[in-house]
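Read the structure below first, then the notes.
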Amino acid sequence: MRIVKMAGKGRIDMVDGPEPVPASGEVVVETAVSALCGSELHTYLGEGLPEGNNGHEAVGTVVEIGDNVSGLEIGQRVGVSAIAGCGHCEYCAKKQYTWCPEFKFYGNMHAERFLASASSCYPLPDDVSWEVGVLITGDGLGVPYHTSRKIASSEIKTVAVFGAGPVGLSNVLMQAHLGRRVIAVDIVPERLAAAKKLGASDSVNAKEWDPIERVRELCDGIGADVCIEAAGRPETAMACFNAVRTAGTVVFNGEQGAFPLSPSDQFIRRDITAVGAWFYHFCEIDQMLQLYRDGLPVTDLISHRYPFADTATAFEKFSSGQSSKVLLHYS
Ligand SMILES: [Zn+2]
Ligand SMILES: [Zn+2]
4 MRIVKMAGKG RIDMVDGPEP VPASGEVVVE TAVSALCGSE LHTYLGEGLP
54 EGNNGHEAVG TVVEIGDNVS GLEIGQRVGV SAIAGCGHCE YCAKKQYTWC
104 PEFKFYGNMH AERFLASASS CYPLPDDVSW EVGVLITGDG LGVPYHTSRK
154 IASSEIKTVA VFGAGPVGLS NVLMQAHLGR RVIAVDIVPE RLAAAKKLGA
204 SDSVNAKEWD PIERVRELCD GIGADVCIEA AGRPETAMAC FNAVRTAGTV
254 VFNGEQGAFP LSPSDQFIRR DITAVGAWFY HFCEIDQMLQ LYRDGLPVTD
304 LISHRYPFAD TATAFEKFSS GQSSKVLLHY S
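Take any residue in the sequence shown, note its place counting from 1, add 3, and you have its number in my numbering.
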């Protein structure tokens, strides 16, 4: 079986790997489409992995079923959540696997076949294509949807998205679809152009403007109701706190380590709320499917498609910053 090995320092090797063997509660899925996620770039450009890859957004056909699996059959088309729960805690009962204290991550989805937890397989209805399926069951749309549930107030009219990579762009699409005015901030012209196509009313190139001043200016001088940090950088996070209106909300989507925040300056004196949003809940896939059926143009997020054999080229393009969602197609 062919599988992508992330060799590190920007190298992708296509190697032969062992066939996956399902344990109790697991299935093997033959891949139809997998998607590249920004969270893989750190591994890709950095140290790599001793074997395999951390691909975690994929759809395909169930080809093998382990013991103690019910509700799935051979030949079934499924989308897969990479996060699976223990199956017996209060969060798992609500299909909120990311909150399960014993959640498990399934990777290696850039491969001809991969292992998945049966509880994390979502049967795809016939009106859902592979490409739509990989977006609504992967975190490509999942993160922005999960985020949208945390900023659901009807008083929110203007959302500024800082960082127009795949997650930022997907936030633009989601928030614009929900009827908010969206301002996209980035330094790459191609990404800003993509944001405009996905529904942003304004774009701010932070190389040409002071992004804080510009966002405030575009929001009657008072700032955006919500600023979403989707770049994963301390300076972008600080820009979010400074560009949000008094009593507004800052959302953290981009992963990053510690940096100094002052309770007085960033929170207390301006009544700011900050929230984190990670991944999505398996139970939210139904709602994302409904949004798609109501007209959310999810496939507009796709900028590039490559055959599986060209995975190296796909990652090169993806890491250039000049793409939004990049998909691998398996024949
Ligand atoms: Zn991801
Ligand atoms: Zn659990």
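Glycine included, C-beta positions come from ideal geometry on N, C-alpha and C.
Counted as a single uninterrupted DSSP element, the stretch harbouring residue 303 is not any beta strand (DSSP E), since DSSP gives it neither H nor E. Closer than 6 Å to some heavy atom of ligand 2: that does not describe the Cβ of residue 286. The beta-bridge partner set that DSSP reports for residue 206 consists of 187. In the three-state scheme derived from DSSP, where H, G and I count as helix and E and B as strand, residue 148 is classed as helix.
Just so you know, the alpha carbons of residue 333 and residue 243 end up roughly 40 Å apart.
4 is the residue among 11, 4 and 204 whose C-alpha sits nearest the C-alpha of residue 24. By the Cβ neighbour-count rule, residue 149 is buried, with 16 or more other Cβ atoms within 10 Å of its own. When only Cα atoms are considered, residue 44 and residue 315 end up about 12 Å apart. For residue 139, the uninterrupted alpha helix (DSSP H) segment begins and ends at 133 to 140. If you draw a 10 Å sphere on the C-beta of residue 293, you find fewer than 16 other C-beta atoms in it, and that means exposed. A check of alpha carbon separations from residue 239 across 14, 181, 42 and 171 identifies 171 as the nearest. Note that the C-beta distance between residue 116 and residue 29 is not below 7 Å. Boundaries of the beta strand (DSSP E) harbouring residue 126: 124 to 126, taken from the DSSP string. Between the stretch 45 to 61 and the stretch 104 to 111 there are three or more C-beta pairs closer than 8 Å, enough to call the two in contact. A direct Cα-Cα distance of roughly 21 Å separates residue 251 from residue 258. With a cut-off of 6 Å, the C-beta of residue 42 is classified as near ligand 1, since at least one heavy atom of the ligand falls inside that distance. Checking the 6 Å criterion, the Cβ of residue 205 is out of range of every heavy atom belonging to ligand 1.
Distance from the Cα of residue 120 is smallest, within the candidate group 95, 87, 134 and 91, for 87. Residue burial is scored here from C-beta neighbours: residue 142 has at least 16 other C-beta atoms within 10 angstroms and is therefore classed as buried. Between residue 328 and residue 304, the CB-CB gap stays under 7 Å. By alpha-carbon distance to residue 6, the top candidate from 20, 137 and 254 is 20. Between the stretch 125 to 144 and the stretch 264 to 272 there are fewer than three inter-stretch CB-CB distances shorter than 8 Å, so the stretches are not counted as touching.
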